[in-house]
Amino acid sequence: MRGRPERIELKTPAQIATMRAAGLVVAQGLAAMRAAVAPGVSTGDLDAIARDVLRAAGARPNFLGYHGFPGVICASVNDRVVHGIPSDAEKLAEGDLISLDFGAIVDGWHGDSAITVPVGEVSPEIAALSATCEASMWAGIAAVRPGARLSDVSHAVETSIRGAGRYGIVAEYGGHGIGTEMHMAPHILNYGRPGKGPRLTSGMALAIEPMVTAGSRATEVLEDDWTVRTVDRSWAAHWEHTVAILDDGPWVLTAEDGGRAELGKRGVDVSALAA
Ligand code: MG
Ligand code: MG
Numbered sequence: 100m101r102g103r104p105e106r107i108e109l110k111t112p113a114q115i116a117t118m119r120a121a122g123l124v125v126a127q128g129l130a131a132m133r134a135a136v137a138p139g140v141s142t143g144d145l146d147a148i149a150r151d152v153l154r155a156a157g158a159r160p161n162f163l164g165y166h167g168f169p170g171v172i173c174a175s176v177n178d179r180v181v182h183g184i185p186s187d188a189e190k191l192a193e194g195d196l197i198s199l200d201f202g203a204i205v206d207g208w209h210g211d212s213a214i215t216v217p218v219g220e221v222s223p224e225i226a227a228l229s230a231t232c233e234a235s236m237w238a239g240i241a242a243v244r245p246g247a248r249l250s251d252v253s254h255a256v257e258t259s260i261r262g263a264g265r266y267g268i269v270a271e272y273g274g275h276g277i278g279t280e281m282h283m284a285p286h287i288l289n290y291g292r293p294g295k296g297p298r299l300t301s302g303m304a305l306a307i308e309p310m311v312t313a314g315s316r317a318t319e320v321l322e323d324d325w326t327v328r329t330v331d332r333s334w335a336a337h338w339e340h341t342v343a344i345l346d347d348g349p350w351v352l353t354a355e356d357g358g359r360a361e362l363g364k365r366g367v368d369v370s371a372l373a374a
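This note's numbering applies: residue 100 is where the sequence shown begins, and numbers increase by one.
Pasting the structure below:
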C-alpha cells in the first residue's frame, strides 16, 4: 500500500513474555489435537480438546466469535485450505490431511499457530506437500531479524516453496502482525521480491503462515461463508507460528523450544535467543 506506512504495534519485553504464555497454550492445544487425530475422530472432537486446553489454562479463545466464527479452532481437511468450521458430523478418514489452526488470549495478548497432520498414512506426494509448507514457514521465520525488510520474509517463504517443486502458493490469505489483536498490521504475503515493505524492529510480533496447494493457487469460499477450498480441488497444507522479534533475532512464541531446533538447522545463531 502506498502513502503513510501502517503503524506496527511494538511490545515491551513484559508484553512479549505474556504473548509467550499465550503461545505456549496454543502449542499445548495443537499437540493435544495432533495426538488425537485418527480415523473416525471428528473435527468437532478436536475443537472440544482445544476448548479443554483453553479452560485448563485459564486462557480465552480468539477464534470463537471472530466475525461470528463458531469454533475455537479451524479444521480444514484435504482440499480445504483454511477457515474450516469444526463439526461433529465431519469424521476423519485414513489418508486424509487436516490442517488445524488454533489461537489463545492470555491477559489480552494473542497467540496463533497452525499445523497440518496426516490421518494415519498419507501418500508420499501429500506428505511432501505438508513438509514443503512447513519448511517454507521456517525459512520465513529464519529471515526475521531486526533490520530486515518485511518482504524478505515473504521472499524466503516463496523461495523455499519454489525450490521444493511445483506447488500453488495461496495469494488471497497471508500472515499478519499480532499482539493486542489477532490480526493486525502488517499483512504478510507468502511471495514477493526481497527488500520491500517496513523495516523489522525489535518488539514487533508476526504470525507467519504459508498456505500451499498441490495444484493451482486459486481458492474459493464455500456457502458457509468461511471454508476456503481450492478451486481445482487439489489438497492444501497450512503451517503457522507466532514470532516475536528480539534484538538477537526471532523468538517463536508458539513453539515449545522457542524455535531453536528448526532455526539452528537453518543457520540462525540460536545461542543468544530466548527459549
Ligand atoms: Mg492461525
Ligand atoms: Mg494467523
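Glycine included, every Cβ here is placed at the ideal spot set by N, Cα and C.
In the three-state reduction of the DSSP assignment, Thr142 falls in the helix class, which pools H, G and I. For the set Arg150, Ser333, Arg365 and Leu352, the Cα lying nearest the Cα of Val180 is the one of Ser333. Non-local beta-carbon contacts of Glu271 in its own chain, meaning distances under 7 Å to residues more than five positions away in sequence, involve Thr318 in chain order. Placement of the Cβ of Glu339 at a distance of less than 6 Å from at least one heavy atom of ligand 1 is found.
Of the candidates Arg265, Val269 and Met281, the residue whose Cα lies closest to the Cα of Ala203 is Met281.
Boundaries for Glu319: no alpha helix (DSSP H) harbours it, while the beta strand (DSSP E) harbouring it runs Thr318 to Val320, taken from the DSSP string. By a beta-carbon distance limit of 8 Å, Val256 contacts Pro309. Their separation comes to about 5 Å. Short of 6 Å from the beta carbon of Gly122, and not among the five residues preceding or following it, lie these beta carbons of its own chain, in chain order: Gly210, Thr341, Leu352 and Thr353. Taking the C-beta atoms as reference points, Ala284 is found no nearer than 7 Å to Gly294.
Bounds of any beta strand (DSSP E) do not take in Pro112; it lies within the alpha helix (DSSP H) bounded by Pro112 to Ala135.
In this structure the region 186-199 lies against the region 130-146, because at least three pairs of beta carbons, one per stretch, are closer than 8 Å.
With a threshold of 16 other beta carbon atoms within 10 Å, Leu109 falls short and is exposed.
With respect to the C-alpha of Gln114, the residue from Gly183, Leu299, Ile344 and Tyr290 having the closest C-alpha is Ile344. Taking Val252 as the centre and dropping the five residues before and after it, the same chain places the C-beta of Gly239, Ala242, Val243, Ile287 and Ile307 closer than 7 Å to its C-beta, in chain order.
The three-state reading of DSSP puts Lys190 in strand, counting E and B together.
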